[in-house]
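Report on one structure; see the data block that follows.
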Amino acid sequence: MTVLLDSPAKLSVSPHVLSAIRAGDCNLAVWERPTDRAFEALLATDLDDVRFSTTLSALEEGLRKELGEAGYPGTPERAALIDDIVSLAKRYGDIMEIEAVSVRLAIVTTNSCRKFHADYVKARLITTYVGTGTQWIEAEDAARVAREQEPHRIHTFKAGDVGLFKGKMWTQNPAIHRSPPIEDSGETRLTLVLDPPRAG
117 MTVLLDSPAK
127 LSVSPHVLSA
137 IRAGDCNLAV
147 WERPTDRAFE
157 ALLATDLDDV
167 RFSTTLSALE
177 EGLRKELGEA
187 GYPGTPERAA
197 LIDDIVSLAK
207 RYGDIMEIEA
217 VSVRLAIVTT
227 NSCRKFHADY
237 VKARLITTYV
247 GTGTQWIEAE
257 DAARVAREQE
267 PHRIHTFKAG
277 DVGLFKGKMW
287 TQNPAIHRSP
297 PIEDSGETRL
307 TLVLDPPRAG
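Under the numbering used here, the letters of the sequence shown match residues 117 to 316, in that order.
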């Protein structure tokens, strides 16, 4: 298990690390997973973003419908993507003690959320299936960013890594992160975000 000393971030190759987010001294838990490049095949077609909320029990059926409407072809890669999202959502639901989730699966080609920030949620799960992963900074650099200075060190997820980020609704010391700046690079990212369901 890899742990950054004197840091509220916990990293490991074990999925069990995600449960560390419950600890008061942890604001970011990272499961360092192997990259599965098979998902790149999905980007060969023109796809729309997917965004919806549902119960965990109805998620698999909902994903089949939403991904089909968004243009995802009925391939083994789509089936693997659905299986992975369902698995991550169930793990997220267990950790957060919720039975429903908000799902966002986005095709990103611009500098989406390019500024370092914390999310106004209790905790958000993010993984990037294709392309450069989410970037995050430690407390010292977060303080520099708050003073409108450049961070000294930026950590970057690999494709496949799963991050569980504490947000502003959980702690006064939330995880600070951003989407990597890729505009004009020609890169396309496929990114999943799971949140607690929105009230109302």
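Heads up, the beta-carbon is just placed ideally off N, CA and C, and yes, glycines get one too.
This structure is a prediction, so every number in the text was calculated from the model and none was measured.
Discussion item. Pop quiz: L183 and V166 are said to be a contact at Cβ under 8 Å. What is the actual Cβ separation, rounded to whole angstroms?
Written reply: At roughly 6 Å, the Cβ-Cβ gap stays under 8 Å, so L183 and V166 are in contact.
Worksheet entry | Nearest-angstrom Cα separation, counted from V219 out to L308 | About 7 Å.
Worksheet item: Are three or more beta carbon pairs between the region 187–202 and the region 273–288 nearer than 8 Å?
Response: Short answer: they don't touch.
Discussion item. Given this structure, state the Cα-to-Cα distance separating H233 from E177, to the nearest angstrom.
Written reply: Going from the Cα of H233 to the Cα of E177 covers about 33 Å.
Item to complete: Note the first and the last residue of the continuous alpha helix (DSSP H) segment covering V133.
Response: V133: not part of any alpha helix (DSSP H); DSSP gives it neither H nor E.
Worksheet item: Where do the N-terminal and C-terminal ends of the beta strand (DSSP E) with A216 fall, by residue?
Response: From DSSP, the beta strand (DSSP E) with A216 extends over 216–224.
Worksheet entry | Helix, strand or coil at A255 [DSSP, three-state] | Helix at A255.
Discussion item. Would the region 278–287 count as touching the region 135–145 if we require 3 or more Cβ pairs under 8 Å?
Written reply: In this structure the region 278–287 lies against the region 135–145, because at least three pairs of beta carbons, one per stretch, are closer than 8 Å.
Worksheet item: Using the rule of at least 16 other Cβ atoms within 10 Å of the residue's Cβ for burial, across every protein chain shown, is D122 buried or exposed?
Response: In this predicted model, D122 has a pLDDT of only 45, less than 50, meaning its place in the structure is not dependable enough to derive any value.
Discussion item. Tell me the DSSP secondary structure of Y188 in three-state form.
Written reply: The three-state reading of DSSP puts Y188 in coil, since its state is none of H, G, I, E or B.
Worksheet item: Can you tell me whether P312 is buried or exposed, with buried defined as 16 or more other CB within 10 angstroms of its CB?
Response: Per the 10 Å Cβ criterion, buried.
Worksheet item: If you check the beta carbons only, do A291 and L175 fall under 8 Å apart?
Response: Not closer than 8 Å, so no.
Item to complete: Could you please give the first and the last residue of the uninterrupted beta strand (DSSP E) stretch that includes S173?
Response: First-last for S173: undefined, no H or E at that position.
Worksheet item: Assuming R305 contacts T244 under a Cβ cut-off of 8 Å, what Cβ separation, rounded to an integer in Å, is found between them?
Response: Contact annotation, R305 with T244: C-beta distance approximately 6 Å; criterion of less than 8 Å satisfied.
Worksheet item: Cα separation between V224 and D141?
Response: So the two alpha carbons sit approximately 32 Å from each other.
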